[in-house]
Amino acid sequence: MTISTKQTPASPAAEFAAVMNPTGATPAVSNVFRPKFGLGKAGAGSTAVAPSVERAVGTADQLAQSYQKLRVDLLDRTDQALWEMLQETYGFTRQVESSVQKNDIRKELIRKIQLRDSQGVASNASIDAVVVRYVFANLSRQTRNNYTIAMEKARALDIPVTGFASFLADHGGVGGVVDTVFDHEAEEQSTAKELAEAKAMEKTTRTQLITRLFAAMAHDSHKELDYAGEVTDWVLPDPKADKPKSTTSAKPDPRYQKGTFVFFVTLRNSETGSFRVAQGNVFDQAYEQQLLASIAERMDVSIPDLSATVQGLERSIGFGALAANDAERLEQA
């Protein structure tokens, strides 16, 4: 089935786009629907191993052998012996971090881990994590993670290599360091929480704006879809609908409420340029918001520009009250 359209010469949306204030940099409606494009993956590098990289890996081998000797020779290992072993490993990671061939050393260690353990290494694993995985091969993942965390905390606190064992001793060993929340971590946790909240708020705002934009565009549109086919209702029945009202929540559950929009699946005819409609779909409000949020997230436009576009279109078609509600948020953005 094809889409037929009815058009008039100049819609309010077109007039709005034509008379935009250039000094205000208010974008046209069409300009906000720009997709974001990510960076391509870097090509694979050479597999050749430089001599200096081999020497660095050789040092890691010696550390691994020293650890194995420690396990065999010292059946009754003291904590101090382990801390000193960790101190050596900590020193090696600092050397690797300062090396101009840090990435090559890391890649070669990971390659050898994969050959030895037949398991991969996380692509975002730090130098500490890779070296600990390489040296302490027989330990559990949790133990290795604790070693890594202790080293990363020591580096953040600028603990010198010669003071790492004492650092562990002062905090009751590896477990004590892992459990301790240092001042810089408290600040990082607070910052991370603020960033997460800000990101969630931005997602909500963008979703609200794209919802308003689609509603305004639909109200203003002079193009009509000529479709008499079936519209599939994907909204699940509310399992609490048959229960007495006293036991149900007064607030409707968006998972069981119809959304505002109908999403059409169409296929373009390459010969005629027209579109054939395959199906119309109505989703629940919760899923509809997920779809709109996904669209909003992919748009390469800032919240102020998106908000300005929405307000401009709403004003052009008489949605003044809706535009006024967003004025204060736009000024603060």
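Residue numbers (the numbering used here): 123 to 455. Each residue gets a CB set at the ideal place from its N, CA and C atoms; glycine is no exception.
Its Cα nearest to that of residue 385, the residue 340 stands out among 340, 170 and 214. Counting along the chain, residue 217 sits inside the alpha helix (DSSP H) bounded by residues 201 to 219. Only buried fits residue 228, as 16 or more other CB atoms lie within 10 angstroms of its CB.
Shown here, residue 389 sits in a strand according to DSSP, grouped into three states. DSSP places residue 298 in the uninterrupted alpha helix (DSSP H) bounded by 296 to 301. Pairing residue 423 with residue 179 gives a Cβ-Cβ distance that is not under 8 Å.
Within the same chain, 397, 398 and 400 come within 8 Å of residue 389 by CB-CB distance, once the 5 residues on both sides are set aside.
One Cα belongs to residue 258, the other to residue 232, and the distance between them is close to 14 Å. Residue 332 holds the alpha-carbon nearest to the alpha-carbon of residue 419 among 287, 332 and 200. Three or more beta-carbon pairs separated by less than 8 Å are not found between the region 320 to 338 and the region 350 to 368, which leaves the two stretches without contact. Counting along the chain, residue 353 sits inside the beta strand (DSSP E) bounded by residues 353 to 355.
By the Cβ criterion, the region 290 to 298 is in contact with the region 203 to 212, since at least three pairs of Cβ atoms, one from each stretch, lie closer than 8 Å. The residue from 277, 330 and 365 with its alpha-carbon nearest to that of residue 414 is 330. In the structure shown, the three-state DSSP call for residue 184 is helix. Judged by beta-carbon spacing, residue 254 lies within the 8 Å limit of residue 266, meaning their Cβ atoms are closer than that value. Apart from sequence neighbours up to five positions away, no residue of its chain approaches residue 170 with a beta-carbon distance below 8 Å. Going by C-alpha positions, residue 304 is about 26 Å away from residue 200. For residue 398, there is no enclosing alpha helix (DSSP H); the enclosing beta strand (DSSP E) has its first and last residue at 397 to 404. Residue 275 counts as buried, since at least 16 other C-beta atoms from the protein chains shown sit within 10 angstroms of its C-beta. Look at residue 426 here: in three-state DSSP terms it is helix.
Per DSSP, residue 416 is one residue of the alpha helix (DSSP H) stretching across 407 to 420.
In this structure, the beta-carbon distance from residue 185 to residue 215 does not fall below 8 Å.
One alpha carbon belongs to residue 226, the other to residue 250, and they sit about 15 Å apart.
When only Cα atoms are considered, residue 409 and residue 243 end up about 35 Å apart. Contact check for residue 175 and residue 217: beta-carbon distance about 13 Å, past the 8 Å limit, so the pair fails to qualify. For residue 328, the number of other beta carbons within 10 angstroms of its own is at least 16, and it is reported as buried.
Scanning 270, 345, 263 and 407 for the CA closest to the CA of residue 359 turns up 407. Bounds of the alpha helix (DSSP H) holding residue 230 are 224 to 239. Beyond the five residues adjoining it in sequence on each side, residue 235 comes within less than 7 Å, by CB distance, of 243, 255 and 256 in the same chain, given in chain order. Shown here for residue 421: same chain residues with a beta carbon closer than 8 Å to its own, the five before and five after excluded, namely 154, 155, 156, 157, 158, 328, 332 and 428 in chain order. When the beta-carbon positions are compared, residue 405 and residue 440 stay at least 8 Å from each other. Residue 342 places its beta carbon 8 Å or farther from that of residue 279.
The DSSP-derived three-state label of residue 325 is helix. The criterion of a C-beta distance shorter than 8 Å is not satisfied by residue 300 and residue 318. With respect to residue 324, residue 417 sits apart: the two C-beta atoms are not nearer than 8 Å.
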